[in-house]
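Colleague:
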Amino acid sequence: MTYTFNAEDNSATDYPNPYRIENWLLLLSALMLVAGGVSTLLSARSYLQATQDGLATLAAILALACFALGVRFALRALSQLRFMIGRNSPRGLASEVPLGQSGIGLGSNALMQALRQQAICFPELQTWISGLLMSLIPSLASSPPPLQTAAIRHAQALVGMLAILLSMGMSLALFEGSPYEGMVSWLYLPLTGLSLLMPVAKSFGVEELTDDNTEGQQQAWKLLALVVFAILAPVALPRFMPVVDLPVLWSAPLLLLLAAMVTSILFLASLFAQPDNVTQTCVSYEQATFSLQGPPAQLWLQMQRDCQANWVNEIPNRVYAWLPPATATGERGSFAGRLLEETQPVLSGVMTDGVGGSWRGVWQNKYARYLSALSIWGMVLAGLTAMMTAHAAQQLASMDKWESGRALLLLVAVGLASAHSFQIGHLLLSRLYFKSRLIWLETEGHFQSAKVKVGNQFKSHLQSSTQVTRVEDASLRLWVADIVTVAFGKDEQRYVMAMAPADGFARSNIDRLLDFAQQQSVVTAPSSARDMQQLQHMGKLDHAMRAAATTASSPECIK
3 MTYTFNAEDN SATDYPNPYR IENWLLLLSA LMLVAGGVST LLSARSYLQA TQDGLATLAA
63 ILALACFALG VRFALRALSQ LRFMIGRNSP RGLASEVPLG QSGIGLGSNA LMQALRQQAI
123 CFPELQTWIS GLLMSLIPSL ASSPPPLQTA AIRHAQALVG MLAILLSMGM SLALFEGSPY
183 EGMVSWLYLP LTGLSLLMPV AKSFGVEELT DDNTEGQQQA WKLLALVVFA ILAPVALPRF
243 MPVVDLPVLW SAPLLLLLAA MVTSILFLAS LFAQPDNVTQ TCVSYEQATF SLQGPPAQLW
303 LQMQRDCQAN WVNEIPNRVY AWLPPATATG ERGSFAGRLL EETQPVLSGV MTDGVGGSWR
363 GVWQNKYARY LSALSIWGMV LAGLTAMMTA HAAQQLASMD KWESGRALLL LVAVGLASAH
423 SFQIGHLLLS RLYFKSRLIW LETEGHFQSA KVKVGNQFKS HLQSSTQVTR VEDASLRLWV
483 ADIVTVAFGK DEQRYVMAMA PADGFARSNI DRLLDFAQQQ SVVTAPSSAR DMQQLQHMGK
543 LDHAMRAAAT TASSPECIK
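To convert, count from 1 in the sequence shown and add 2; that's the working numbering.
(1) Give me whichever residues DSSP pairs with His448 in a beta bridge.
(2) Mind checking who Ile106 pairs with in its DSSP beta bridge?
(3) Let me know the secondary structure DSSP gives Thr471 once reduced to three states.
(4) Just the Cα atoms here: how many angstroms apart are Ile23 and Ala65?
(5) If Ile441 and Arg89 are in contact, beta carbons under 8 angstroms, what's the gap, nearest whole angstrom?
(6) What is the C-beta distance between Arg99 and Ala323, in whole angstroms, given that I count them as a contact (C-beta under 8 angstroms)?
(7) Let me know if Asn319 comes out buried or exposed under the rule of 16 or more other beta-carbons within 10 Å of its beta-carbon.
(8) Helix, strand or coil for Lys492 per DSSP?
(9) Given this structure, state the Cα-to-Cα distance separating Val280 from Met499, to the nearest angstrom.
(10) Kindly give me the distance between the Cβ atoms of Thr445 and Ala476, rounded to whole angstroms, as I take these residues to be in contact under 8 angstroms.
(11) According to DSSP, Arg439 sits in a beta bridge with which residue or residues?
(12) What does Ser286 pair with, by DSSP beta-bridge criteria?
(13) Can you tell me whether DSSP reads Ala500 as helix, strand or coil?
(14) DSSP beta-bridge partners for Val348?
(15) How long is the line joining the alpha carbons of Ser97 and Leu410, rounded to whole angstroms?
(16) Taking the straight line between their C-alpha atoms, what separation do you get for Pro277 and Leu515?
(17) Name, in chain order, the residues that DSSP records as bridge partners for Phe177.
(18) Could you tell me the distance, in whole angstroms, from the CA atom of Phe424 to the CA atom of Ala399?
(19) Pick out whichever of Cys284, Gln158, Pro327, Gln295 has its Cα sitting closest to the Cα of Met305.
(20) From Arg241 to Phe177, what does the alpha carbon distance come to, in whole angstroms?
(21) With a cut-off of 8 angstroms on the beta carbons, I'd call Ala275 and Lys368 a contact; round off their distance for me.
(22) Do Ala153 and Leu273 come within 7 angstroms of each other at the CB atom, strictly closer than that value?
(23) Using only alpha-carbon positions, find the residue among Ile485, Ile87, Ala52 that is nearest to Ala121.
(24) Give me the Cβ distance between Ser631 and Lys492, rounded to the nearest whole Å; I'm assuming they're in contact under 8 angstroms.
(25) In whole angstroms, give me the CA-to-CA distance for Ala504 and Pro297.
(26) Report the CB separation of Glu494 from Pro249 in whole angstroms; it is logged as a contact under 8 angstroms.
(27) Does DSSP put Glu405 in a helix, a strand or coil?
(28) Inspect the beta-carbon positions of Phe124 and Ser144 and report whether they are closer than 7 angstroms.
(29) Which same chain residues, not among the five before or five after Ile512, have their C-beta less than 6 angstroms away from its C-beta?
(30) Residues bridged to Ile317 by DSSP?
(31) Measuring only the C-alpha atoms, how far is Asn312 from Ser104?
(32) On the criterion of 16 or more Cβ atoms from any shown chain inside 10 Å, does Ile166 qualify as buried, or is it exposed?
(33) Have a look at Ala262 and Met401 and give me their C-alpha separation to the nearest angstrom.
(34) Using beta-carbon positions only, say whether Leu135 and Leu142 come within less than 7 angstroms of one another.
(35) Since Ser41 is in the alpha helix (DSSP H), which residue starts that stretch and which ends it?
(36) Determine the closest residue to Ala116 out of Met170, Leu342, Gly133, Phe507, with distance taken between C-alpha atoms.
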């Protein structure tokens, strides 16, 4: 990854840092975890002094786990202290055509269709959870795909966690006091762990959702299986499985489940407070016919000069399609050309806009309030992890191996929930808005070759002959739109969320191109000062030669 710097352009560092509040919470969490790790290390030191090597090793492992999570939080916060957007950021809406080459970049056709149809394409999902969400929140249907993906994944996870919680409650009521209670309670630990990991692994828009109902059917069967297990297991387990003496472990899966549910609820509340739906899809469109005495590719050079005059901060436009209208060899034929450019996207908004990144301003904004609460929840869980680790390390001497394992699983559950809260909230914190302008020029028509001669062939000593490509009544179309795009990270994919017309820009560019076509010359003649000087001498010499010839042919000279 590179960063392009220009000494005269300081706009790259003028943007507010969207991670300012998250950084403070991450650093506080790291501080608490490091403190908990130090306290645990002191307990390990006391065990080592008492020659209890096994307990010292276990306490040291707990301390290292605390340190690892704390260092991870600290490194992430430190890497986000400085927020800059270079001249080569953000990513383009399509693949760019290299300078000096022609072609159409991958994804350019989709942009052209969006401009032509004045509409933005979104996937239509047919899963059961997507139908439920979009009926409750219609604006979600036109939200960016990463938000749709995150909302559906977390809603699925939340429904699954509610089913697990219901099944766990039924199992607790039916198995309480039985010999199988410990074994059944341990079975819920991997179930709650999977419900926690699913939205983390699939909520960042990396994996696109499909409209296949297979996944929804699979989840429905899983939920049904949980209910069936909770009802039939009290009767089936004593008949088909032996009793395994395990300590009761309802606390770890229940704590993990409740923490993950709170995290998903806060995430969905923040997402639905600002769904980012499309509100405007208007485009400026101009069409004209032109005649040109010359190759039509000259129009592309003129349009390139016009686009360069509108560079933002002297940053070249992103060229997604560059196909000059080429004329084939021959006396006549057809031509077509395409040009698609985007001006440099300029950051126009982040999560902290309107709140100044301050705590007081954040709590006055509904969207930021939920999102900050999600990060605060992660910090609370991190502090709880540190305190529980330090307390468990002090009580290791009075625990048996099963109680030690239960305490270790509890700590892992709370630590994972803390990391989970910070991780999924980062998606919405990274939401950045950019403004730019899309320009699409298209032409097509027919050409004929002609030869133009200028000058009197019998009397003039100066003649001109030019081979001309003649174009009559060709079509010229121009689409222009001021667009707003959103990206979840400065180097992540951008999505078009609004298109506004730019009628003045489109009309003035069409007029300049038509005027440029009309002003093309078909006469080849000397134009430099040196050429004029040489022609003047040649004219004097020609005049002298004419005078000499006239004198020689006069009657007096003949006599």
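Even for Gly, the Cβ is constructed at its ideal location relative to N, Cα and C.
Modeller: Based on what the coordinates show:
(1) Ser336
(2) Ala323
(3) strand
(4) 27 angstroms
(5) Not quite, the Cβ-Cβ distance comes to about 19 angstroms (not below 8 angstroms), so this is no contact.
(6) Here residue 99 is Val; the residue named in the question, Arg, does not match the sequence. Right, the Cβ-Cβ distance comes to about 7 angstroms (below 8 angstroms), so this counts as a contact.
(7) buried
(8) coil
(9) 5 angstroms
(10) 6 angstroms
(11) Asp484
(12) Val482
(13) strand
(14) Lys437
(15) 49 angstroms
(16) 41 angstroms
(17) Phe177 is not bridged to any residue.
(18) 34 angstroms
(19) Pro327
(20) 14 angstroms
(21) 5 angstroms
(22) yes
(23) Ile485
(24) Any answer about residue 631 is impossible in this case: the structure gives the chain only from 3 up to 561.
(25) 29 angstroms
(26) Not confirmed; about 46 angstroms, so no contact.
(27) helix
(28) yes
(29) Glu288, Ala290, Leu480
(30) Val314
(31) 21 angstroms
(32) buried
(33) 28 angstroms
(34) yes
(35) 22-51
(36) Leu342
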